[in-house]
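Asks: Here it is, the structure in full.
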Amino acid sequence: MKQLIAILIFSFGSLSAEAISDPTDLGTIIGQVMDQVFKEPIPYATISVTTPEGEMVTGAVTSTDGTFEIEKLKDGTYLFKIQYMGFKAFSREVNVNNGKRQFNLGTIYLEPEVAQLDSVEVVAERSTIEQRIDRKVVNVGKDLTTAGASASEIMNNIPSLAVDQDGNISMRGNDNVKILVDGKPTNIPAAQLLKQIPSTSIKSIELITNPSAKYNPEGMSGIINIILHKNSNLGFNGNLNTGITQGEYTRYTGSLNMNYRTGKVNFFTNLGTNGGESQNNGRLENFTQNYTENISFLNDRESYLIKFGMDYYMDDRNTFSVYTNQNIYNGSPVGTVRLDYGLNDERNLLQEFLFDGENHTQTYNFVFNHDFNAEGHKLILEADHSITDETDVAKYMYSGTGAGDFDSYRDNTGEELSNSTFNLDYENPFSETSKVELGAEARFRRTRNDYRTTSPNLENTLYDYDNNILSTYATFGQTFKKWSYQLGARLEQYEVEAVLNGDLIYETDYLTLYPSAFASYNFDEMKTLQLSYSRRVDRPGLNQVNPVREFATPRLSQVGNPELDPQFTNSVEMNYTHNFKKGSLTAGVFYRLIEDEINQALLIDPQDPSRLLLTYQNWEDNTAYGFELSGRYKPFNWWSINPSFELYSSTEKGVVGTDYREIKSSMYSLRISQSFDVTKKLSLQTFGMYRSSTELLQINPKEFWFVNAGARYNVLNDKGTISLNINDIFDTQEFGFQSDVPYSQEGTFWNDSQTVYLGFSYRFGGGKNKALDRKQRDDNTSSGGGIF
3 MKQLIAILIF SFGSLSAEAI SDPTDLGTII GQVMDQVFKE PIPYATISVT TPEGEMVTGA
63 VTSTDGTFEI EKLKDGTYLF KIQYMGFKAF SREVNVNNGK RQFNLGTIYL EPEVAQLDSV
123 EVVAERSTIE QRIDRKVVNV GKDLTTAGAS ASEIMNNIPS LAVDQDGNIS MRGNDNVKIL
183 VDGKPTNIPA AQLLKQIPST SIKSIELITN PSAKYNPEGM SGIINIILHK NSNLGFNGNL
243 NTGITQGEYT RYTGSLNMNY RTGKVNFFTN LGTNGGESQN NGRLENFTQN YTENISFLND
303 RESYLIKFGM DYYMDDRNTF SVYTNQNIYN GSPVGTVRLD YGLNDERNLL QEFLFDGENH
363 TQTYNFVFNH DFNAEGHKLI LEADHSITDE TDVAKYMYSG TGAGDFDSYR DNTGEELSNS
423 TFNLDYENPF SETSKVELGA EARFRRTRND YRTTSPNLEN TLYDYDNNIL STYATFGQTF
483 KKWSYQLGAR LEQYEVEAVL NGDLIYETDY LTLYPSAFAS YNFDEMKTLQ LSYSRRVDRP
543 GLNQVNPVRE FATPRLSQVG NPELDPQFTN SVEMNYTHNF KKGSLTAGVF YRLIEDEINQ
603 ALLIDPQDPS RLLLTYQNWE DNTAYGFELS GRYKPFNWWS INPSFELYSS TEKGVVGTDY
663 REIKSSMYSL RISQSFDVTK KLSLQTFGMY RSSTELLQIN PKEFWFVNAG ARYNVLNDKG
723 TISLNINDIF DTQEFGFQSD VPYSQEGTFW NDSQTVYLGF SYRFGGGKNK ALDRKQRDDN
783 TSSGGGIF
């Protein structure tokens with residue numbers, strides 16, 4: 003916090019000093035930079051002002067809307083130049099004198115560099131972070147921190163995110179986060195989805211920590227939107243990626259991205275696969291009941307991602323696009339849970355698991371985009387439909403001297419989920435500085451869980467959970483010389499109905515208003531301050547309300563709670579971004595007030611006091627706040643440093659079992675990656691992460707850290723790349739915790755994290771053209787997570 007205050011004081015001080023000393027006889031150049039072909043702003047284009055002899059006088063970069071302003075030019079003749087990769091440079095001579103000192107260059111259209119049409123699509127060497135008014139965009143480059151088998155393996159490298167031993171993801175210390183793919187919801191649980199997507203298929207990752215009223219209000223800690231590659235160049239082009247991860251077991255990954263653009267039609271496809279064996283282990287020591295529980299799971303899985311689509315440019319104003327995503331997953335985990343009572347060995351017990359699961363999710367999307375005469379004046383109609391069919395067969399077998407009370411049995415579970423979304427959006431920048439957005443959305447979700455079991459102690463269950471959401475929104479924003487703001491509100495009608503074995507067990511219907519406000523101030527082209535507010539909601543996900551038992555060991559059962567209420571969050575955050583010659587600095591603070599917080603609860607099973615029940619409960623109103631600081635610094639051309647620091651604090655209150663508890667806790671994490679360009683073809687990289695211990699309402703997680711390293715070498719005239727990555731060098735990547743509620747116990751979980759990755763990528767084809775931009779949507783339903 004002190005560092006952020008110092009930065010702001012310094013920035014305001016600098017601004018004040020400039021204002022005092024700014025005479026009226028200095029020149030100013032303003033304007034906007036646009037793409038000549040697509041008439042879109044070009045952000046972060048480089049602007050330089052030099053003397054006629056080439057000596058640098060000043061410079062800047064364009065803002066996110068392509069505008070720029072150069073100030074404090076003394077009388078004289080200058081060469082004004084704009085440069086951006088893939089476009090021809092623009093230059094103009096400017097003569098500042100007492101006759102004219104104010105230059106408005108208007109809109110400057112940069113022409114695509116035709117000479118680059120025979121080259122390949124350029125993928126950034128380093129992952130970069132771009133701060134927009136309502137989100138942070140991580141453009142995934144070819145750096146070694148993104149080398150790995152799946153999306154799950156690269157999320158820990160991104161500021162604000164953390165992935166636990168089971169693949170459950172959290173943002174700013176909170177696991178109430180939804181994963182989107184290309185702006186669209188999926189019916190796949192987040193942990194499973196991240197393991198299905200090959201990391202090489204990812205183009206960028208958007209972190210929306212405080213969305214505006216334009217977006218769906220569901221989700222407390224935020225939205226993670228994974229953008230997959232879709233090349234959109236003229237002609238035929240694409241890239242191939244493949245790799246092997248070797249640890250205790252072998253895993254593989256591969257992806258092929260292709261694009262063909264001709265005339266008015268653009269075809270694109272993304273094919274990805276990953277699979278192999280992976281192991282997860284755990285050890286629990288229950289000091290109250292004096293036993294040790296050893297858990298081991300070996301999962302042999304394979305997944306396939308298939309995306310195919312087409313953009314059709316009917317004319318200059320009308321475009322439609324269709325695509326389908328097909329996610330196919332097969333997994334066959336086997337595992338054991340061993341209970342050891344020490345000297346009391348007559349109670350020792352071994353439980354064996356045999357699972358066979360299949361999951362197929364189909365997504366179909368259609369977009370129609372109509373552009374009016376004015377730039378940015380558009381109407382967008384979008385329809386999205388997804389279907390998930392999942393089947394799971396589980397066999398539970400018991401042996402040992404303590405197995406007398408346990409009978410072996412078999413579970414068969416089938417799930418059917420469908421999600422249909424219809425959006426109509428209208429955008430009108432009715433002046434150069436003002437913009438209004440209006441829209442409506444309808445969503446219909448249907449879920450069915452059919453549970454069949456051979457256990458005499460359990461019952462067959464049919465559970466339906468359906469909900470409808472109708473909403474409308476409006477936002478209005480204005481941009482001034484240095485200021486910009488946006489105000490908005492979303493009105494939403496929500497209906498839900500839960501039916502268990504033909505009986506209605508839960509029903510609710512309510513209307514809610516969700517306001518939002520954003521403000522941004524540019525001290526200059528290099529320094530920006532942002533402030534935002536929004537009200538959000540977290541509605542329980544299917545696994546949180548499903549009363550059908552999801553998982554069981556001899557001492558633990560996991561079930562949902564059909565009577566969970568939604569939790570509401572009022573969130574305020576402030577972010578400051580400072581770009582400088584050799585890097586950038588981003589700092590942020592946030593505060594959340596959470597009403598009826600949903601959390602995972604570990605209770606004593608009321609039907610069997612010797613067992614635990616893992617479920618979900620509404621706790622009391624809680625608060626959370628935090629601070630984030632991340633930077634990028636390049637002391638030399640061959641050395642780049644990217645550090646980040648995060649501090650999260652919260653106050654949790656609730657009834658755990660029969661006891662009321664209130665806990666105030668803090669947790670911080672550190673990340674640092676370094677890149678070294680040894681030669682033009684060879685580069686090295688290291689990445690390290692540390693997360694501190696903390697105290698939560700039921701468990702106290704222990705500290706956690708690991709270090710990765712890697713190398714990359716370019717081959718085949720730089721069209722090919724060989725990557726070598728060593729993960730968890732010191733074999734420290736494990737999750738540990740201690741708890742006194744409801745029993746005194748300690749636990750440690752770990753997986754096959756100490757691995758070596760060898761990968762190869764190859765880029766082919768060429769061209770440059772842009773395809774239809776799709777509306778980035780979110781649909782955020784809390785999906786749980788936790789310690790198991």
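Take the sequence shown: its letter number 783 is residue 785 in my numbering, and every next letter is one higher. All residues carry an ideal CB built from backbone N, CA and C; glycine is no exception. All values reported here derive from a predicted model rather than from experimental measurement.
1. Residues in the same chain with beta-carbon distance under 6 angstroms from G284, minus the five sequence neighbours each way, listed in chain order, please.
2. DSSP on M316, reduced to helix/strand/coil?
3. What are the boundary residues of the beta strand (DSSP E) that L515 is part of?
4. Give the DSSP bridge partners of E794, in chain order.
5. Span of the alpha helix (DSSP H) holding N375?
6. Under the three-state reduction of DSSP, which class applies to G767: helix, strand or coil?
7. Can the beta-carbon of I330 be found closer than 7 angstroms to that of Y366?
8. In this structure, does DSSP put R349 in helix, strand or coil?
9. Under three-state DSSP, which class holds N545?
10. Would you mind sorting P219 into buried or exposed? The rule is 16 or more other CB atoms within 10 Å of its CB.
11. Span of the beta strand (DSSP E) holding Q495?
12. Between K583, L230, H379, which has its C-alpha nearest V795's C-alpha?
13. Which class does G68 belong to by DSSP, given the choice of helix, strand or coil?
14. Would L75 pass as a contact of L107 if the rule is Cβ separation under 7 angstroms?
15. Could you please give me the residues that DSSP links to N212 through a beta bridge?
16. Should Q747 go down as buried or exposed, given a rule of 16 or more other Cβ atoms within 10 Å for buried?
17. Say whether the region 464-473 touches the region 435-451, bearing in mind that this needs 3 or more beta-carbon pairs closer than 8 angstroms, one atom from each stretch.
18. What would DSSP say about L182, mapped onto helix, strand or coil?
19. With which residues is Q740 paired in a DSSP beta bridge?
20. If you count every other CB in all the chains shown that lies within 10 Å of the CB of Q687, and 16 or more means buried, which is it?
21. So is G56 buried or exposed if we call it buried at 16+ other beta carbons inside 10 Å?
22. Determine the burial state of F270: buried for a count of at least 16 other Cβ atoms within 10 Å of its Cβ, exposed for fewer.
23. Distance check for G543 and W621, CA to CA, integer angstroms please.
24. Could you compute how far the alpha carbon of E429 sits from the alpha carbon of Q85?
25. Can you tell me whether K138 is buried or exposed? The criterion is at least 16 other CB atoms within 10 Å of its CB, across all chains shown.
26. Where do the ends of the beta strand (DSSP E) carrying M36 lie?
27. Does DSSP classify D598 as helix, strand or coil?
28. When the Cα atoms are used, what is the spatial distance from I110 to E95?
29. Helix, strand or coil for A47 per DSSP?
30. Give me the Cβ distance between A153 and I199, rounded to the nearest whole Å; I'm assuming they're in contact under 8 angstroms.
31. Can you round the beta-carbon distance between T617 and L631 to whole angstroms, since I take them to be within the 8 angstroms contact cut?
32. Applying the criterion that 16 or more other CB atoms from any shown protein chain within 10 Å of the CB defines a buried residue, is L515 buried or exposed?
33. On the criterion of 16 or more Cβ atoms from any shown chain inside 10 Å, does G256 qualify as buried, or is it exposed?
34. Determine the burial state of R319: buried for a count of at least 16 other Cβ atoms within 10 Å of its Cβ, exposed for fewer.
35. Can you list, in chain order, the residues of its chain with a C-beta nearer than 7 angstroms to that of N462? Leave out the 5 residues immediately preceding and following it.
36. Are the beta-carbon atoms belonging to D386 and K380 less than 7 angstroms from one another?
Replies: Looking at the atomic coordinates:
1. I297, F751
2. coil
3. 505-526
4. Since the first and last residues shown for the chain are 3 and 790, residue 794 lies out of range.
5. It is not in any alpha helix (DSSP H) - N375 carries neither H nor E in the DSSP assignment.
6. strand
7. no
8. helix
9. helix
10. buried
11. 485-502
12. There is simply no residue 795 to check, as the chain begins at 3 and stops at 790 in what is shown.
13. coil
14. no
15. Answer is none; N212 lacks a bridge partner.
16. buried
17. yes
18. strand
19. N702, E748
20. buried
21. exposed
22. buried
23. 16 angstroms
24. 30 angstroms
25. buried
26. 29-37
27. coil
28. 14 angstroms
29. coil
30. 4 angstroms
31. Not really, about 37 angstroms apart at Cβ, beyond 8 angstroms.
32. exposed
33. buried
34. exposed
35. Y453, R454, T455
36. no
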